[in-house]
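K.L.:
One structure, pasted below without further comment.
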Amino acid sequence: MNVHEYQAKELMRQFGISVLKGGVAETAAQAVEVAKTLDTKVWVVKAQIHAGGRGKGGGVKLAKSLEEVEKISKEILGMQLVTHQTGPEGKKVLKVLIEQGCDIDHEYYCGIVLDRTVGKLAFMVSTEGGMDIEKVAHDTPEKIIKAHIEPCAGYTSAVGRKLGYALGLKGETLNKAMKFFEGLYKLYTEKDCSIAEINPLVTTKAGDVLALDGKLNFDDNALFRHPEIEAMRDITEESAQELEAGKFGLSYISLDGNIGCLVNGAGLAMGTLDILKLHGGTPANFLDVGGGATKETVEKAFSIILEDKNVKAILVNIFGGIMKCDIIARGVVDAAREMGLKVPLVVRLEGTNVALGKKILSESGLKITAAGDLADAAQKAVAAAKGAK
Amino acid sequence: MAILINRNTKLITIGLTGKQGSFHTLQSRDYGTNVVGGVTPGKGGTIHEGIPVFNTTYEAVKETGANAAMVFVPPPFAADSILECIDAEIPLIIAITEGIPVLDMIKVKAALKGSKSRLIGPNCPGVITPGECKIGIMPGHIHMPGNVGVISRSGTLTYEAVFQLTQREIGQSTCVGIGGDPVNGTNFIDILEMFEKDPETKAVIMIGEIGGTAETDAARWIRKHMTKPVVSFIAGAAAPKGKRMGHAGAIISGEDDSAESKFKVLQECGVTIARSPAELGQKVQEVLKK
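Residue numbers (my numbering), protein chains in the order written: chain A, 6 to 394; chain B, 134 to 423.
What follows is the structure in structure tokens.
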């Protein structure tokens, strides 16, 4: 789960991590009110969307007067902000964060993430802050310094010293940076983050160490023990279809093709998209109905696929293990009858109770193309989608 | 022979009396697995479907001599159960549970080091040695005993591969689902090493996914150490690049983890690649004929 920058900064404050004073606003008038409370001569107005690259897209601007705060907030609020992470359609800005300006001395990068190869958390820092850090990692990997955290020991000063000295910090600034790292580690582990990224982490002319920006992602599997994080969820940032699917235990991701897919298991669902592409087709979605789906969830899955107007054909690919083929077949038949099937439907069933499942399909009287194996299913679905154009 | 499990495996199920735990334990027993007990705190001393139930894993191991445990405990408590199994020194722990928090698994991974236990999973279909022993949720009837080892990060895609083999009358030595989670107990290389040493295994199917470096690490290991042919498919070539918030995940590995890049490394390392998941059975047939 993602949160906005202003929410991430609220959490950072709770863990003693220095951030600039600021507040969130939904209207230009509110933005001015927030700006008035900040003891500063320049303000920064920052669009709050779940995507990086906001500055380049015109979503972060400097204001030198309260009038400018109002004017810029008006411009940014409601705009369709396009960045390299939003896709070409962009995201509508509904909130802005108003912050005091600061006198930056140097910009650094600081992140915590899981290193899957060793199964440990790792800090990463770099002197090349404020830039596209993926590019830094690719072009000059020596400029990324890593420090792994031993799970039994947690954060220790040795980690902080390694990171701080590598960044060339000393004296009081080094001490402040070490406090910063420790706070970020505590936040990460106590709130079950999956990514914590501060870019840039800055040192100021006044000798402070601050998080100028902050991105936090949280482990969805750990949200059960963090209702306070769950409460920060912004549903306007999430796809309505994906949310609806999630309520039924379905994992759905909308894509831009024309073949609707209903599959059980994430691996087979990915494999189904792959094989459709190999046969010249384009999938309209990824949809994993999971292992424990019922007739109702299959119907729901079907209705979500049919709501997508781009869908020209549907491919159902089920390998029944726990999931029984007859249950899928009943769900498909009922959904198709209820919603009226206007596009060709290709079904490939295999595994537990397959004979019964196939019988239900063939006796339904619906126009269903039965497919033998995986390749056959893909070919038939691609042909059906092309024929329907 | 085969690897990990066989006729001599004595299984206990942690979370035996839950709906899922009970169903799949009975399925495994029907397949021929020697189920000797189960653990559900508070239900110790009772008998569930003919299986003795214990309050703690220590007690279950002491009373039954179990050498394998299958974990079906819900995600919030699963890591705790795995730690209990490690402490009870069970040699093989197979965790089926999906959705264990990553930070919990980091602790489990640390506890496994230097312990007497090997963990398979979590978030996996389990392990099966066809005709001998099944521990997990895979449909037993699609398998047949034979000489192809199967390792996979995905459940249903494993069934797909196994089904293609069985249709061609190519049997399997052992099929291992290592699970799809970012932190797991056993990786591809551990299992490849076992298959390389196993006289019954003549060829191996390795099914990977986008993300992480497990497959490319395995590819490099194969080039150095593996004498048996390996056929591999990587799922996710058509998966869209996610609208991610941060970059940190991609940087840490310092390596391109797309399907395309993994296929390339696998091929360079002498692995036979199947671009389509429908080709796995056929490709194995080809390498076995060589």
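The beta carbon of each residue, even a glycine, is placed where N, CA and C say it ideally should be. No experiment lies behind these values; they were computed from the predicted model shown.
Does the beta-carbon of A:C4 have 16 or more other beta-carbons within 10 angstroms, so that it is buried, or is it exposed?
P.N.:
Limits of chain A in this structure are 6 at one end and 394 at the other, which puts residue 4 of chain A out of reach.
K.L.:
Between the stretch 339-360 of chain A and chain B, which residues of the former have a C-beta closer than 8 Å to a C-beta of the latter?
P.N.:
Hits within the stretch, in order: E355, G356, T357.
K.L.:
Just the Cα atoms here: how many angstroms apart are A:Y113 and A:E133?
P.N.:
By one-based count along the first sequence, residue 113 of chain A stands at place 108. By one-based count along the first sequence, residue 133 of chain A stands at place 128. Spanning the two alpha carbons is a distance of roughly 6 Å.
K.L.:
So, with DSSP's three-state summary, where would you put A:K97?
P.N.:
The sequence position of residue 97 of chain A within the first sequence is 92, counting from 1. Strand, per DSSP.
K.L.:
Nearest-angstrom Cα distance between A:S367 and A:F229?
P.N.:
Against the first sequence, residue 367 of chain A aligns to sequence position 362. Against the first sequence, residue 229 of chain A aligns to sequence position 224. Their backbone Cα atoms lie some 43 Å apart in a straight line.
K.L.:
Would you kindly work out how many angstroms separate the C-alpha atoms of B:A228 and B:G259, rounded to a whole number?
P.N.:
If you number the second sequence from 1, residue 228 of chain B lands on position 95. If you number the second sequence from 1, residue 259 of chain B lands on position 126. Their Cα atoms are separated by approximately 7 Å.
K.L.:
Which first and last residues belong to the alpha helix (DSSP H) in which B:T289 is found?
P.N.:
Here residue 289 of chain B corresponds to residue number 156 of the second sequence, with the count starting at 1. 288-300 is the extent of the alpha helix (DSSP H) around B:T289.
K.L.:
Can at least three beta-carbon pairs, one atom from the stretch 242-260 of chain A and one from the stretch 250-268 of chain B, be found at a separation below 8 Å?
P.N.:
No: the two stretches stay apart, fewer than three of their Cβ pairs being nearer than 8 Å.
K.L.:
How do the stretch 140-156 of chain A and the stretch 72-82 of chain A stand: do at least 3 beta-carbon pairs fall below 8 Å, yes or no?
P.N.:
Touching, no.
K.L.:
With 16 as the cutoff for other CB atoms within 10 Å, does A:L67 come out buried or exposed?
P.N.:
By one-based count along the first sequence, residue 67 of chain A stands at place 62. Flag for A:L67 reads exposed.
K.L.:
Applying the 10 Å Cβ sphere with the 16-neighbour rule, what's the burial state of A:N263?
P.N.:
Working through the first sequence from its first residue, we reach residue 263 of chain A at position 258. A:N263 comes out buried.
K.L.:
Are the stretch 228-246 of chain A and the stretch 262-276 of chain A touching by the rule of at least three beta carbon pairs closer than 8 Å?
P.N.:
Contact fails: fewer than three Cβ-Cβ distances are below 8 Å.
K.L.:
DSSP state of A:C330, grouped into three classes?
P.N.:
By one-based count along the first sequence, residue 330 of chain A stands at place 325. Reduced to three states, the DSSP call for A:C330 is helix.
K.L.:
When the distance is taken between beta carbons, is B:C257 closer than 8 Å to B:R140?
P.N.:
Here the question's residue 140 of chain B lines up with position 7 in the second sequence. Here the question's residue 257 of chain B lines up with position 124 in the second sequence. No, the pair does not count as a contact, with Cβ atoms beyond the cut-off.
K.L.:
Would you mind sorting B:F321 into buried or exposed? The rule is 16 or more other CB atoms within 10 Å of its CB.
P.N.:
Here residue 321 of chain B refers to the residue found at position 188 when the second sequence is read from its first residue. Label assigned to B:F321: buried.
K.L.:
Under 8 Å between C-beta atoms, does A:T122 make it to chain B?
P.N.:
Here residue 122 of chain A corresponds to residue number 117 of the first sequence, with the count starting at 1. Yes, A:T122 counts as interfacial toward chain B.
K.L.:
Compute the Euclidean distance between the alpha carbons of B:G379 and B:G151, then round it to the nearest angstrom.
P.N.:
For the purposes of this step, residue 379 of chain B is taken as the residue at position 246 of the second sequence. For the purposes of this step, residue 151 of chain B is taken as the residue at position 18 of the second sequence. The predicted position of B:G379 is uncertain, since its pLDDT is 45 and thus under 50; a value taken from the coordinates is nonetheless stated next. Their backbone Cα atoms lie some 39 Å apart in a straight line.
K.L.:
Report the residues of the stretch 235-247 of chain B with a CB closer than 7 Å to any CB of chain A, ordered along the chain.
P.N.:
Going along the stretch 235-247 of chain B in chain order, one finds V235, L236, I239, K240, K242, A243 with a Cβ nearer than 7 Å to chain A.
K.L.:
Among the residues of its own chain, which have a CB less than 6 Å from the CB of B:S365, if the five just before and after it don't count?
P.N.:
To locate residue 365 of chain B, count along the second sequence from 1; it is residue 232. Same-chain partners within the cutoff: M339, L399, V404, I406.
K.L.:
Going by DSSP, which residues form a beta bridge with A:V49?
P.N.:
As a first step, residue 49 of chain A must be located in the first sequence, where it is residue number 44. DSSP output for A:V49 lists A:L67, A:E104 as bridge partner(s).
K.L.:
Under 8 Å Cβ-Cβ, which residues of chain A neighbour B:A371?
P.N.:
Here residue 371 of chain B is taken as the residue at index 238 of the second sequence, counted from 1. In chain order: M275, L278, D279, L281, K282, P288.
K.L.:
Would you mind telling me which residues of chain A sit closer than 7 Å to B:M271, beta carbon to beta carbon, in chain order?
P.N.:
Taking the first residue of the second sequence as position 1, residue 271 of chain B is located at position 138. Result: G326.
K.L.:
Listing by chain order, which chain A residues have their CB less than 8 Å from the CB of B:A411?
P.N.:
Locating residue 411 of chain B in the second sequence gives position 278, where the first residue counts as 1. Per Cβ cutoff of 8 Å: I280, D378, L379, A380, A383.
K.L.:
For chain A, is any of its Cβ atoms less than 8 Å away from the one on B:R162?
P.N.:
Here residue 162 of chain B refers to the residue found at position 29 of the second sequence. Output row for B:R162: interface = no.
K.L.:
For B:T142, which residues from the same chain have a beta carbon less than 6 Å from its beta carbon, with the 5 sequence-adjacent residues on both sides left out?
P.N.:
As a working mapping, residue 142 of chain B is identified with position 9 in the second sequence. Only A201, C266 meet the Cβ criterion.
K.L.:
Assign B:R377 to one of three DSSP states: helix, strand, or coil.
P.N.:
The count along the second sequence starts at 1 and reaches residue 377 of chain B at position 244. Residue confidence for B:R377 is low, a pLDDT of 40 falling below 50, so the modelled location carries little weight; the figure read from the coordinates is stated next. In this structure, B:R377 counts as coil in the three-state DSSP scheme.
K.L.:
Using three-state DSSP, classify B:M339 as helix, strand or coil.
P.N.:
Numbered from its first residue, the second sequence carries residue 339 of chain B at position 206. Three-state result, B:M339: strand.
K.L.:
Would you call A:C157 buried or exposed, if buried means 16 or more other Cβ atoms sit within 10 Å of its Cβ?
P.N.:
Reading the first sequence from its first residue, position 152 is the one you call residue 157 of chain A. So A:C157 ends up on the exposed side.
K.L.:
Just tell me which of A:A227, A:G173, A:N204 has its CA closest to the CA of A:T194.
P.N.:
The sequence position of residue 194 of chain A within the first sequence is 189, counting from 1. It is A:A227 whose Cα lies nearest to the Cα of A:T194.
K.L.:
Applying the criterion that 16 or more other CB atoms from any shown protein chain within 10 Å of the CB defines a buried residue, is A:A390 buried or exposed?
P.N.:
If you number the first sequence from 1, residue 390 of chain A lands on position 385. Buried, by the Cβ-count rule.
K.L.:
Any contact between the stretch 289-308 of chain A and the stretch 308-317 of chain B? By contact I mean 3 or more CB pairs, one from each, below 8 Å.
P.N.:
At 8 Å Cβ cutoff, the stretches do not touch.
K.L.:
List the endpoints of the continuous beta strand (DSSP E) containing A:F20.
P.N.:
On the first sequence, residue 20 of chain A is found 15 positions in, with the first residue counted as 1. Taken as a continuous stretch (DSSP letters only), A:F20 belongs to no beta strand (DSSP E), as it is neither H nor E.
K.L.:
Just to confirm the assignment, what range does the beta strand (DSSP E) spanning B:P278 have?
P.N.:
Counting from 1 along the second sequence, the entry for residue 278 of chain B is found at position 145. Looking at the DSSP string, the run of the beta strand (DSSP E) that includes B:P278 is 278-285.
K.L.:
Are the CB atoms of B:K170 and B:T189 nearer to each other than 8 Å?
P.N.:
Here residue 170 of chain B is taken as the residue at index 37 of the second sequence, counted from 1. Here residue 189 of chain B is taken as the residue at index 56 of the second sequence, counted from 1. For the sequence presented, residue 170 of chain B should be read as Gly rather than Lys. Contact flag unset, no.
K.L.:
Say whether chain B places a C-beta atom closer than 8 Å to the C-beta of A:P156.
P.N.:
For the purposes of this step, residue 156 of chain A is taken as residue 151 along the first sequence, with counting starting at 1. Yes, contact with chain B.
K.L.:
Look at the Cβ atom of A:A163, then the Cβ atom of A:I22, and state whether they are nearer than 8 Å.
P.N.:
The residue given as residue 163 of chain A occupies position 158 in the first sequence. The residue given as residue 22 of chain A occupies position 17 in the first sequence. No; because the gap between Cβ atoms is not below 8 Å, this pair is not in contact.
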